[in-house]
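Chains as they are written, first to last, in our numbering: chain F, 1 to 291; chain Y, 1001 to 1260; chain W, 2001 to 2289. The structure under discussion appears below in the form of structure tokens.
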């Protein structure tokens, strides 16, 4: 029983980890609290719905469109909103509010077009695979596999020149610029990559449980919690945070109740912000030095 | 402000064996200096010598790794910056730090120590007193702005003043605070010669009143002109001290600055 | 005519809400997204006392303020040490926690079922049961709040808050306990927001947690961003525009099913444009720098 709960949590956490990695990548590299990550997530889910359910494309094709749409939306956020703001004011608060504006606009546009009800892409009982004492549905397995693929890809990427460049950029954007790299291109790349990750998680989740216009907000909040819990300064923090969050939530739902899960999650967020803002993987710093 | 009025009983500010490490690097190493009243003390030395760090330690923005900071016989070492300021230490920052969106007048007004109207219920329940205090303060503030030649810019927002004017405004703020011990970080940098003249005269008058003036400076002619005593810092340590003339022309100082 | 009164009542309530958030955000420079939680605490405090103990509305007012202020300390004392984004996140966390508690502590707050049957506020026998009289109550309280906030912000207290907003370190160097000032401003904001909550409860006479969500907090931030903050007029301008806009839409015959979405899209667009091109908003002084 416990093992099943952990497995469930792991698979849920796998999706959290993917979308959180996207969020963390953007936040750590560009400093933007990309509230609109939730909007990108929602766009991906609904693009999948549009092309898979409504237009009858094969799922793979629809998924590719969804992923592309996600990447494009992310890049548009940067180019059309964040960059103009940054050119005029250097305030993170202004960017945060701009990000919120993007989220608000997008989610309401989607609700306008598609309606507020939950849409499902698949119905009926799902195919399951037994693994010893635990049983995983097809989507749980897919989520886990996607997670492993993302992790492997990420670890591989870190060793490439591009990966090292991004890490350098995260630490010192000006220095990277001085060395001759085009920072605006790097930023666009980061938004594209981070949004792609959101798209992957969104598609998998949409195929599994369907969607409504507000799934993006949940995804965003879980990303933020995962990134804080795991650690902002280390990209892997998002991954660790996401997995842990999934597992802990699964156990809490079993032990306490599903209703209080959200409150519990946010209590964890607040505790980490106050007691260990650098996250589990971060180096311990005094509060005065924490960013 | 009447600069001829004497300022009595200003305690001596003293740092003893003050040390501060950042990681493995000692920014300030075993520094012991006493700053007596009625004197203008200059701190000079190359960039990175630890001068501003010393100011930050004294004013409470960072905590020392070792050593103590005393005001008279009162230990300042564990106090917070606002408590240290209330004890009479006024700070001029290297990057000035005026309140950009407030007018010059408001910048000075906000510097007057605890006023009626500062606790949130007072403007409502002690209305008459609050207004009276406000009127008095506006007069005092305008007088201070006159002193630093900014009276005609009283209603300009601080961010629209020139760097030199902002510096003068920051000094007016210190005067409004009635600071007994002034810590000035590069008061002469980036200002017009006429402004510089005003600043130097103010420093001299304030010391004559009985206050303690301590300043960090790179402009050696200013140091020679106003300082009573000079300390040379390098790599976090005091490497020389004495009368300005002697210290400035000393071999050690020249080595430290020019690497000769 | 009744419709006009309704609009005026809502304007009164939202003026109180935005002016109180203005104290925290526009004057002290703290972006708080948990303001709706204090709004809700005020509403629930009054509603529970009126329905549970039969207390008079005007007696519940100071109680709801005190409860809200006490809860604000739970938020502010730990969180004010956090910088920038982290402070905003902490307030977001508290908003979610407080909402979640309102929603799930069914034995105390009746959770999603809400609290029905809140009695009409009465004062010495006079019942505010007509739209006209409630408009008077709402606008009257709003006027009192605005006067209070004007008095305290145009004095040294307000000046210190603005100084903290501009440069906290320099303000400390002037001998001010900035943490105390920030905590005070936050508490005042929370207490005044509770007044709006009580007013709302007495007006709609049925409350449930869905009026006090993160979305509502963000809506208040939107009003301040568009109308302006950091002075008295910004929030008033913002409130009037954003409360009137839905009525304009109705006038344009936009169907009720999609009107809320169109409304939010317009707000969002306005928000983005304002942040890029006019950060101080239409009539404000503070531009998030």
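Here a beta-carbon is modelled for each residue, glycine too, at the ideal position from N, C-alpha and C.
Asked: Secondary structure of residue 1017 of chain Y, DSSP reduced to three states; Found: strand
Asked: Residue 214 of chain F: first and last residue of the uninterrupted beta strand (DSSP E) it sits in; Found: It is not in any beta strand (DSSP E) - residue 214 of chain F carries neither H nor E in the DSSP assignment.
Asked: Beta-carbon proximity of residue 2168 of chain W to residue 2230 of chain W, cut-off 8 Å; Found: no
Asked: Members of the segment 115 to 130 of chain F that neighbour chain W once the beta carbon cut-off is set at 7 Å; Found: none
Asked: 7 Å Cβ cut-off: residues of chain W touching residue 92 of chain F; Found: 2084 and 2085
Asked: Sequence-distant residues of the same chain with beta carbon closer than 8 Å to residue 2105 of chain W, five excluded per side; Found: 2111
Asked: Of the residues Y/1169, Y/1190 and Y/1238, the one placed nearest residue 1222 of chain Y, counting alpha carbons only; Found: Y/1190
Asked: CA nearest to the CA of residue 2082 of chain W, picked from F/36, F/275 and F/114; Found: F/275
Asked: Closest by C-alpha distance to residue 2179 of chain W, when choosing among W/2005, W/2029 and W/2008; Found: W/2029
Asked: Burial state of residue 283 of chain F, where buried means 16 or more other Cβ atoms lie within 10 Å; Found: exposed
Asked: Between the CA atoms of residue 192 of chain F and residue 22 of chain F - distance to the nearest angstrom; Found: 9 Å
Asked: contact_flag[the segment 2116 to 2125 of chain W, the segment 1093 to 1111 of chain Y] where n(CB pairs < 8 Å) is 3 or more; Found: no
Asked: Exposure of residue 1121 of chain Y, with buried meaning 16 or more beta-carbon neighbours within 10 Å; Found: exposed
Asked: Proximal residues, the segment 1091 to 1106 of chain Y versus chain W, C-beta separation under 8 Å; Found: 1091, 1093, 1097, 1098, 1099, 1100, 1101, 1102 and 1106
Asked: Nearest-angstrom Cα separation, counted from residue 1113 of chain Y out to residue 2032 of chain W; Found: 29 Å
Asked: Neighbouring residues, chain W, relative to residue 1109 of chain Y (Cβ below 9 Å); Found: 2156 and 2159
Asked: Pick from F/194, F/90, F/185 and F/169 that is closest to residue 19 of chain F, judged by C-alpha positions; Found: F/194
Asked: Span of the alpha helix (DSSP H), counted from its first residue to its last, around residue 2276 of chain W; Found: 2259 to 2277
Asked: Which listed residue (Y/1127, Y/1044, Y/1218 and Y/1027) has its alpha carbon closest to that of residue 1057 of chain Y; Found: Y/1027
Asked: Positions along the segment 2114 to 2125 of chain W whose CB lies within less than 9 Å of some CB in chain Y; Found: none
Asked: Proximity winner among Y/1021, Y/1047 and Y/1009, relative to residue 1037 of chain Y (alpha-carbon distances); Found: Y/1009
Asked: Whole-angstrom distance between residue 2135 of chain W and residue 1150 of chain Y, CA atom to CA atom; Found: 49 Å
Asked: For residue 1043 of chain Y, the three-state DSSP class (helix, strand or coil); Found: strand
Asked: Chain Y within 8 Å of residue 2152 of chain W, Cβ atoms only; Found: yes
Asked: Counted within 10 angstroms of its Cβ, other Cβ atoms place residue 289 of chain F as buried (16 or more) or exposed; Found: Low per-residue confidence applies at residue 289 of chain F: pLDDT is 45, beneath 50, and the placement is therefore not dependable enough to give any value.
Asked: Positions along the segment 2221 to 2235 of chain W whose CB lies within less than 9 Å of some CB in chain F; Found: 2221, 2222 and 2225
Asked: Cβ distance (whole Å) where residue 1183 of chain Y is taken to contact residue 1220 of chain Y below 8 Å; Found: 20 Å between Cβ atoms; not a contact.
Asked: Below-8 Å beta-carbon distance, residue 1118 of chain Y vs any chain W residue; Found: yes
Asked: Residues of the segment 251 to 279 of chain F whose Cβ lies closer than 7 Å to any Cβ of chain W, in chain order; Found: 259, 260, 262, 263, 266, 267, 269, 270, 273, 274 and 277
Asked: Integer-rounded CB distance, given that residue 1042 of chain Y should sit under 8 Å from residue 1230 of chain Y; Found: 5 Å
Asked: is_contact[residue 2073 of chain W, chain Y] using C-beta, thresh 8 Å; Found: no
Asked: Residue 1037 of chain Y, DSSP secondary structure in three states; Found: coil
Asked: Alpha-carbon to alpha-carbon, residue 146 of chain F and residue 39 of chain F; Found: 21 Å
Asked: Backbone CA spacing between residue 2228 of chain W and residue 2243 of chain W [nearest angstrom]; Found: 15 Å
Asked: Alpha-carbon to alpha-carbon, residue 1165 of chain Y and residue 2267 of chain W; Found: 41 Å
Asked: Assumed close pair residue 272 of chain F, residue 229 of chain F - CB separation to whole angstroms, cut-off 8 Å; Found: 5 Å
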